[in-house]
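Student: Take this structure, written in structure tokens, and hold onto it; I'll ask about it next.
Chains as they are written, first to last, in this note's numbering: chain A, 2 to 422; chain B, 2 to 422.
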């Protein structure tokens with residue numbers, strides 16, 4: 002679709018989203034769930050049409066010379082279509098956060114004061130090639146009572162538009178406004194610029210994609226951004242660790258998946274246990290094809306280890322590469338994390354109560370773990386049901402962001418005619 | 002104090018704050034309380050010195066032609082000094098939010114997941130003439146485990162510096178770093194610009210002052226801002242209101258104090274009760290010196306009422322002026338609030354269960370009330386203990402911001418060696 006005046010088009014999208022946001026903020030839990038389930042059916046029923054449109058994107062992508070990896074992410078297989086529908090059914094099954102009142106208690110004046118969880122309003126989401134984000138984001142935003150404006154990558158425009166039509170069908174069937182989920186219909190890059198300026202229509206921006214995209218959006222946006230930057234995650238093996246747990250966790254945190262933000266990038270090992278755990282770990286890493294880069298003390302223990310440079314400590318590899326550093330003690334480990342970490346997810350392996358307690362309190366990361374793999378830092382594993390992303394910000398939402406992060410709280414006051422004296 | 006290189010000075014303040022922030026984030030509740038109580042004693046013991054320095058500010062203010070109202074706000078009387086000390090003691094008596102773990106529960110994988118409340122880090126506060134903000138803000142930030150950088154108005158520089166010395170004395174007595182509370186020592190305006198740029202040292206900015214100041218800071222800041230803009234608060238008197246409660250609340254909300262953000266600025270009245278409640282209310286307002294500006298229907302009931310213009314509905318008077326509008330029903334009232342309100346505090350007076358329930362859910366303001374005066378929207382009245390301000394933002398903190406708004410939460414994960422499969 003060619004849109005002549007992008008600014009005018011985006012303004013119209015924004016004002017319709019604001020209006021729809023008010024309606025879905027008041028929608029019953031039943032209506033929202035009905036819409037989610039109807040969207041799931043529409044996606045399943047539309048499988049052939051979805052794959053036809055997806056094929057157009059894939060063909061265009063091949064002609065533009067997209068890499069095989071990107072083409073793979075873009076492809077909507079039968080299994081991926083089924084998984085989108087299943088995701089919507091899971092969101093329907095989650096408890097509705099909207100309207101929950103907590104901490105309601107009487108004050109000396111006689112008023113009752115509590116907090117009610119309420120939608121944020123309108124959420125703008127800017128993302129790259131995976132079309133499943135269209136469906137996941139639409140479902141989460143709707144369940145949390147928000148309208149959303151979705152801006153996917155140009156390489157997925159046909160896939161996203163056909164998914165949008167399934168989403169609209171679901172909304173219509175439940176009597177909710179179709180404008181509650183709008184997928185931007187133009188690939189013109191100016192649309193993103195307009196979206197980031199519409200602070201009267203959009204309450205929060207969630208970018209999903211590479212670090213470059215996120216930094217650009219954050220710099221440009223006039224609207225608050227819930228963002229995810231680096232995931233430089235650490236595992237620290239204390240000298241009071243159970244060696245078996247330590248080896249299992251350090252291996253899993255690095256190798257269970259390489260290209261994810263909660264994978265370990267640097268392993269820290271107490272000097273008194275390094276000679277015991279590093280050789281067996283190195284054997285396992287070698288079998289998994291992981292390249293090791295270590296500090297001097299590490300290289301003394303592991304003959305085939307490359308020396309690490311200062312840059313290694315500050316790099317999110319997202320690849321089968323691991324930096325290893327031997328430290329003197331817990332404080333040395335925490336200093337390293339404080340200096341080089343990205344405040345995403347960090348774990349200690351220890352059986353020592355006091356050290357576990359210190360690590361939990363003192364490490365300033367969005368997830369802090371004792372005796373567990375960093376790979377658990379995930380909305381589903383945490384019981385949030387699903388996630389719109391993982392926030393590395395401190396304000397509002399920190400760590401995996403589920404339905405709750407897409408809402409806010411207002412104060413409610415119940416009285417019998419109280420006045421202030 | 003003359004500072005040659007403001008940028009260098011502010012960088013040094015920032016890096017010291019970051020370091021001190023790490024220390025106070027780990028300080029025990031006991032040490033923080035000891036510091037707060039010692040600050041209170043230092044302020045009481047320093048009364049004469051404080052008043053001498055305050056006199057220098059007052060003298061300079063008179064020479065610069067500050068208004069009587071501003072000079073009054075600047076004056077540190079015995080009672081105000083006592084009240085600052087008392088405020089610190091109250092903060093010491095509040096529960097420590099730092100380290101509180103909530104929602105800790107087992108997941109199917111065997112890990113336990115919960116959330117721990119943690120400090121934000123470093124808080125920058127920019128404020129105008131009242132020197133008591135120096136003490137309140139320092140106390141709240143410290144109790145929440147944060148370091149702070151305070152930038153008061155140039156007209157209060159000597160008062161703020163002497164208060165800073167009392168604060169430092171308290172910190173020192175408790176063995177906490179004196180740089181945990183830094184009051185900027187220069188009146189050079191460039192210091193504010195520098196503060197707003199130091200995103201590696203400062204986690205959040207809280208401006209306190211007029212709307213102009215806050216808009217300027219928000220536009221300029223590279224750091225997230227917790228801000229308070231307009232307070233255009235409404236009371237809606239429903240036709241099913243108890244008239245006595247309605248009159249008491251509408252009178253109190255307007256007249257208990259005029260210049261505050263939670264005072265009512267527009268009164269909305271159902272058409273079927275207007276003729277009953279408006280005349281007695283108008284008599285009371287007249288006695289209190291309140292000027293009334295009404296819609297056509299209001300002016301038909303109240304002979305001496307001035308006609309309101311469209312601008313009146315969108316004005317925060319902060320003065321003895323009230324806009325009054327007669328509406329057809331609850332929806333008419335909520336539409337008016339949605340269109341003209343500032344999402345601060347709005348109240349309904351009704352005995353009707355369903356309407357009360359709708360108003361609570363559907364009005365999108367930071368405080369929504371049934372049968373209570375808008376004047377209750379206040380951290381102390383809500384039981385937060387004290388407030389750093391009232392946020393009209395939606396993200397992170399909304400409504401009165403106490404200790405909790407100066408903290409965030411991280412996820413904590415406790416395991417026995419779990420790995421992800």
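Glycine included, each C-beta is placed from N, C-alpha and C at the ideal position.
Have a look at residue 216(A) and residue 200(A) and give me their C-alpha separation to the nearest angstrom.
Tutor: 19 angstroms
Student: Nearest by alpha-carbon distance to residue 398(B): which of 95(A), 417(A) and 116(A) is it?
Tutor: 116(A)
Student: Whose C-beta lies closer than 6 angstroms to the C-beta of residue 194(B) among residues of the same chain, with five residues either side of it excluded?
Tutor: Taking residue 194(B) as the centre and dropping the five residues before and after it, the same chain places no C-beta closer than 6 angstroms to its C-beta.
Student: Under 8 angstroms between the Cβ atoms of residue 124(A) and residue 149(A)?
Tutor: When the beta-carbon positions are compared, residue 124(A) and residue 149(A) come within less than 8 angstroms of each other.
Student: Whose CA, out of 135(A), 105(A), 335(A) and 157(A), lies closest to the CA of residue 85(A)?
Tutor: 135(A)
Student: Which residues, in chain order, does the stretch 380-408 of chain A contribute to contact with chain B at a C-beta distance below 7 angstroms?
Tutor: 382, 383, 384, 395, 396, 397, 399 and 400
Student: Name, please, each residue of chain B whose Cβ falls closer than 8 angstroms to the Cβ of residue 425(A).
Tutor: Nothing in the structure corresponds to residue 425(A), since chain A is present only between 2 and 422.
Student: Is the CB-CB distance between residue 444(A) and residue 245(A) below 8 angstroms?
Tutor: Here chain A has residues from 2 to 422 only, and residue 444(A) is not among them.
Student: How is residue 67(A) classed by DSSP in three states: helix, strand or coil?
Tutor: If DSSP states are grouped into helix, strand and coil, residue 67(A) belongs with coil.
Student: From the beta carbon of residue 117(A), is the nearest beta carbon of chain B less than 8 angstroms away?
Tutor: yes
Student: Grouping DSSP H, G and I as helix and E and B as strand, with all else coil, what is residue 149(A)?
Tutor: strand
Student: Compute the beta-carbon to beta-carbon distance between residue 454(A) and residue 375(A), rounded to the nearest angstrom, for a pair I have assumed lies under 8 angstroms.
Tutor: The requested residue 454(A) does not occur in the structure, where chain A is confined to residues 2 to 422.
Student: I need the straight-line Cα distance from residue 142(A) to residue 361(B), nearest angstrom please.
Tutor: 22 angstroms
Student: Only counting runs of 4 or more residues, tell me where the alpha helix (DSSP H) segments fall wholly within the stretch 26-98 of chain A, in order along the chain.
Tutor: As far as the stretch 26-98 of chain A is concerned, its whole alpha helix (DSSP H) runs of at least 4 residues are 30-46, 48-64, 69-75 and 79-94.
Student: Of all the options 401(B), 388(B), 391(B) and 406(B), which has the alpha carbon lying nearest to the alpha carbon of residue 395(A)?
Tutor: 406(B)
Student: Considering residue 268(A), what are the terminal residues of the beta strand (DSSP E) in which it resides?
Tutor: First-last of the beta strand (DSSP E) with residue 268(A): 265-271.
Student: Indicate whether at least one CB of chain A lies closer than 8 angstroms to the CB of residue 377(B).
Tutor: With its beta carbon less than 8 angstroms from one in chain A, residue 377(B) belongs to the interface.
Student: Taking the CB atoms as reference points, tell me whether residue 207(B) and residue 390(B) lie closer together than 8 angstroms.
Tutor: Yes, the pair counts as a contact, with Cβ atoms nearer than the cut-off.
Student: Whole angstroms is fine: what's the gap from residue 251(A)'s alpha carbon to residue 282(A)'s?
Tutor: 8 angstroms
Student: With a threshold of 8 angstroms between beta-carbons, can residue 289(A) be considered close to chain B, or not?
Tutor: no
Student: Can you name, in chain order, every residue of its own chain whose Cβ lies under 7 angstroms from the Cβ of residue 67(B), other than the five neighbours on each side?
Tutor: Here residue 67(B) has 156 as same chain residues with Cβ atoms under 7 angstroms from its own Cβ, once five neighbours each way along the sequence are excluded.
Student: Can you tell me the Cα-Cα spacing of residue 162(A) and residue 112(B), whole angstroms?
Tutor: Cα-Cα distance, rounded: 40 angstroms.
Student: Could you give the DSSP three-state label for residue 142(A): helix, strand or coil?
Tutor: helix
Student: Check whether the Cβ of residue 92(B) lies closer than 8 angstroms to any Cβ atom in chain A.
Tutor: With its beta carbon at least 8 angstroms from every one in chain A, residue 92(B) lies outside the interface.
Student: Going by alpha carbons, who is nearest to residue 35(A) out of 366(A), 91(A) and 236(A)?
Tutor: 91(A)
Student: Cα-Cα, which of 16(B), 337(B) and 118(B) is closest to residue 180(B)?
Tutor: Among 16(B), 337(B) and 118(B), the Cα nearest to that of residue 180(B) belongs to 16(B).
Student: Are the CB atoms of residue 249(A) and residue 31(B) within a distance shorter than 8 angstroms?
Tutor: Note that the C-beta distance between residue 31(B) and residue 249(A) is not below 8 angstroms.
Student: Under 8 angstroms between the Cβ atoms of residue 130(B) and residue 59(B)?
Tutor: no
Student: Relative to the alpha-carbon of residue 42(A), which residue among 174(A), 287(A), 279(A) and 328(A) has its alpha-carbon at the smallest distance?
Tutor: 174(A)
Student: Excluding the 5 residues flanking residue 289(A) on each side, which residues of the same chain have their C-beta closer than 6 angstroms to its C-beta?
Tutor: 256
Student: Residue 246(A) touches chain B at which residues, Cβ-Cβ below 8 angstroms?
Tutor: 417 and 418
Student: Does any residue of chain B have a CB that is nearer than 8 angstroms to the CB of residue 330(A)?
Tutor: no
Student: Are the C-beta atoms of residue 362(A) and some chain B residue less than 8 angstroms apart?
Tutor: yes
Student: Could you please give the first and the last residue of the uninterrupted beta strand (DSSP E) stretch that includes residue 199(A)?
Tutor: No beta strand (DSSP E) holds residue 199(A); DSSP gives it neither H nor E.
Student: From 9(B), 11(B) and 27(B), pick the residue whose C-alpha is nearest to that of residue 365(A); which is it?
Tutor: 27(B)
Student: Taking residue 341(A) as part of the alpha helix (DSSP H), name the residues at either end of that continuous run.
Tutor: 331-341
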